[in-house]
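Encoded as structure tokens, the structure appears first; notes follow it.
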Amino acid sequence: MNALEILFYALSAFTIVSAIMVLISKNPIHSVLWLILVFFAISGHYILLNAQFLAIVNIIVYAGAIMVLFLFVIMLMNVKKDKEPQKQLLVKLIGVIAGGSFLTLLIALVKQNTSFDRSSVLLKEGTIGLIHPLGKALFTDFVVPFEISSVLFLSAMVGAVIIGKK
Amino acid sequence: MPIQNYIYLCLTLFSIGVMGVLTRRNAIIVFMCVELMLNAVNLLLVAFSKMNYGAAYIMSPSTTAGIDAQVFVFFIMVVAAAEVSIGLAIIVMMYRNTHSIDINFLNRLKN
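Here the protein sequences come in this chain order: A and B. Going by the working numbering, the first residue of the first sequence is number 21, and it counts up by one from there. Going by the working numbering, the first residue of the second sequence is number 273, and it counts up by one from there.
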């Protein structure tokens with residue numbers, strides 16, 4: 021087992037434990053903080069795959085902007101911890117069983133598929149995740165979606181302001 | 273690293289998100305679980321992109337195969353940011369009207 025594999029398994033365990041903690045925390049603020057840890061762990065995975073641009077964008081956009089927005093909304097609402105509504109135990113159990121069987125089904129499907137056996141992921145190497153090739157692709161082949169996404173942001177901004185003003 | 277390891281990791285993350293959507297009643301937590309599912313898909317897309325790149329790298333070292341998957345992940349992040357701003361605005365509006373963020377209040381959209 022080399023260092024990359026150890027790093028992969030450690031990051032994966034950290035990701036999954038943090039994701040489970042998002043679910044079982046009673047306090048919504050703790051959930052947000054655990055979710056930030058999940059995003060940092062996923063950024064670590066991106067760095068392991070040498071997708072450096074996406075790692076930085078993930079930290080800036082998700083951990084920086086989106087999670088701060090979540091924290092602001094939770095603090096604005098001043099949700100009481102003991103008043104938080106809980107589902108019945110039966111409904112929770114059914115939800116966990118449904119998710120678990122979904123996971124089992126998909127894992128069985130992947131295990132059955134033999135076309136993945138020969139393919140492996142290139143860790144640590146490769147230049148496609150760096151800023152230079154990505155920027156080139158973004159401004160030549162994907163320039164129309166890039167400009168359309170700015171219109172999307174404008175409409176999202178107008179929509180958020182209109183919804184928030186009422 | 274075999275691609276199966278990444279597939280199992282992302283499936284687990286996605287299923288944790290599904291369980292969160294099914295078991296929690298706090299609208300913000302449900303929304304956060306949707307973000308978790310989005311991130312699992314992003315990670316899997318990047319892993320597949322590096323798989324394709326690794327296969328093409330053996331043929332010619334200067335290939336850019338798999339770069340469109342990473343651009344696609346970038347656009348998913350862009351759309352997710354817009355979606356979060358609208359979704360949180362809707363949750364704030366719902367809290368102002370009902371003084372609660374319980375999603376069971378949303379089962380009847382009238383009134």
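Just so you know, even glycine gets a beta-carbon here, dropped at the ideal spot from N, CA and C.
*Are B/Gly289 and B/Leu308 closer than 7 Å when you measure CB to CB?*
Mapped onto the second sequence, residue 289 of chain B falls at position 17. Mapped onto the second sequence, residue 308 of chain B falls at position 36. Cβ atoms of B/Gly289 and B/Leu308: closer than 7 Å.
*For a contact meaning CB atoms closer than 7 Å, what does B/Ser332 contact in chain A?*
Counting from 1 along the second sequence, the entry for residue 332 of chain B is found at position 60. Under the 7 Å cutoff, chain A gives no residues; its nearest Cβ is about 13 Å from B/Ser332.
*Sort out for me which residues DSSP pairs A/Ser140 with in a bridge.*
Here residue 140 of chain A refers to the residue found at position 120 when the first sequence is read from its first residue. Its beta-bridge partners are B/Pro274.
*Do we get a CB-CB distance below 7 Å when we pair B/Thr336 with the residues of chain A?*
Here residue 336 of chain B refers to the residue found at position 64 when the second sequence is read from its first residue. Under the Cβ distance rule, B/Thr336 counts among the residues neighbouring chain A, one pair being separated by less than 7 Å.
*Residue interval of the alpha helix (DSSP H) (run including A/Ala85)*: The count along the first sequence starts at 1 and reaches residue 85 of chain A at position 65. Per DSSP, A/Ala85 belongs to no alpha helix (DSSP H) and is neither H nor E.
*B/Thr284 touches chain A at which residues, Cβ-Cβ below 7 Å?*
Taking the second sequence and counting its residues from 1, one reaches residue 284 of chain B at position 12. What B/Thr284 touches in chain A: Ile36 and Leu123.
_Suppose you measure from the CA of A/Ile79 to the CA of A/Phe60; what does that come to, to the nearest Å?_
Sequence index remark: in the first sequence, residue 79 of chain A carries index 59 (1-based). Sequence index remark: in the first sequence, residue 60 of chain A carries index 40 (1-based). For A/Ile79 and A/Phe60, the distance between alpha carbons rounds to 7 Å.
*Can you find a CB in chain B that lies within less than 7 Å of the CB of A/Ile183?*
Residue 183 of chain A sits at position 163 when you count from the first residue of the first sequence. Cβ-Cβ to chain B under 7 Å: yes for A/Ile183.
*asked:* Does any residue of chain B have a CB that is nearer than 7 Å to the CB of A/His65?
replied: For the purposes of this step, residue 65 of chain A is taken as residue 45 along the first sequence, with counting starting at 1. Yes, contact with chain B.
*Give a yes or no on whether 7 Å exceeds the smallest Cβ distance from A/Ala33 to chain B.*
The residue labelled residue 33 of chain A in the question sits at position 13 within the first sequence. It does not: the Cβ of A/Ala33 has no partner Cβ on chain B nearer than 7 Å.
*Verify the CB distance criterion: does B/Val313 have a CB-CB separation below 7 Å to chain E?*
The structure shown contains no chain E; its protein chains are A and B.
*What residues in the segment 153-174 of chain A bring their beta carbon closer than 7 Å to a beta carbon of chain B?*
Here the close residues are Pro153, Leu154, Ala157, Leu158, Phe162, Pro165, Ser169, Leu172 and Phe173.
*Nearest-angstrom Cα distance between B/Ile339 and B/Phe320?*
Start at 1 with the first residue of the second sequence, and residue 339 of chain B comes out as number 67. Start at 1 with the first residue of the second sequence, and residue 320 of chain B comes out as number 48. Spanning the two alpha carbons is a distance of roughly 11 Å.
*Look at the Cβ atom of B/Ile358, then the Cβ atom of A/Ala176, and state whether they are nearer than 7 Å.*
As a first step, residue 358 of chain B must be located in the second sequence, where it is residue number 86. As a first step, residue 176 of chain A must be located in the first sequence, where it is residue number 156. Taking the C-beta atoms as reference points, A/Ala176 is found nearer than 7 Å to B/Ile358.
*In angstroms with no decimal places, state the Cα-to-Cα distance between A/Ser135 and B/Met331.*
Taking the first residue of the first sequence as 1, we reach residue 135 of chain A at position 115. Taking the first residue of the second sequence as 1, we reach residue 331 of chain B at position 59. Between A/Ser135 and B/Met331, the alpha-carbon positions lie close to 20 Å from each other.
*Mind checking A/Gly155: buried by the 16 CB within 10 Å criterion, or exposed?*
The count along the first sequence starts at 1 and reaches residue 155 of chain A at position 135. Around the beta carbon of A/Gly155, a 10 Å sphere encloses fewer than 16 other beta carbons of the protein chains shown; the residue is thus reported as exposed.
*Give the DSSP bridge partners of B/Asp374, in chain order.*
Residue mapping note: residue 374 of chain B aligns to position 102 of the second sequence, counting from 1. Partner(s): B/Asn298.
*Any 3 or more C-beta pairs closer than 8 Å across the segment 292-304 of chain B and the segment 363-380 of chain B*: With the cut-off at 8 Å, the segment 292-304 of chain B and the segment 363-380 of chain B touch.
*For the alpha helix (DSSP H) holding A/Ala33, just list the boundary residues, first then last.*
As a first step, residue 33 of chain A must be located in the first sequence, where it is residue number 13. Per DSSP, A/Ala33 is one residue of the alpha helix (DSSP H) stretching across Ala23 to Ile44.
*Compute the distance between the beta-carbons of A/Gly179 and A/Asn70, then report whether it is under 7 Å.*
Residue numbering aside, residue 179 of chain A sits at position 159 when the first sequence is read from its first letter. Residue numbering aside, residue 70 of chain A sits at position 50 when the first sequence is read from its first letter. Taking 7 Å as the cut-off, the Cβ atoms of A/Gly179 and A/Asn70 do not count as close.
*asked:* If we define contact as Cβ-Cβ less than 7 Å, is A/Ile117 a contact residue for chain B?
replied: Along the first sequence, read from residue 1 onward, the residue named residue 117 of chain A stands at position 97. A/Ile117 does not count as touching chain B.
*Return the first residue and the last residue of the alpha helix (DSSP H) that A/Glu167 is part of.*
In the first sequence, counting from the first residue as 1, residue 167 of chain A sits at position 147. A/Glu167 -> alpha helix (DSSP H) spans Val163 to Lys185.
_Span separating the alpha-carbon of A/Leu126 from that of B/Tyr278_ = Within the first sequence, residue 126 of chain A is the residue found at index 106, counting from 1. Within the second sequence, residue 278 of chain B is the residue found at index 6, counting from 1. Rounded to the nearest whole angstrom, the CA to CA distance from A/Leu126 to B/Tyr278 is 13 Å.
_Checking 7 Å against the spacing of the C-beta atoms, do B/Ala354 and A/Leu53 come in under that value?_
Here residue 354 of chain B refers to the residue found at position 82 of the second sequence. Here residue 53 of chain A refers to the residue found at position 33 of the first sequence. Not closer than 7 Å, so no.
*Residue burial classification, A/Tyr66 (beta-carbon count within 10 angstroms, cutoff 16)*: Working through the first sequence from its first residue, we reach residue 66 of chain A at position 46. Here A/Tyr66 is buried, its C-beta having at least 16 other C-beta atoms within 10 Å.
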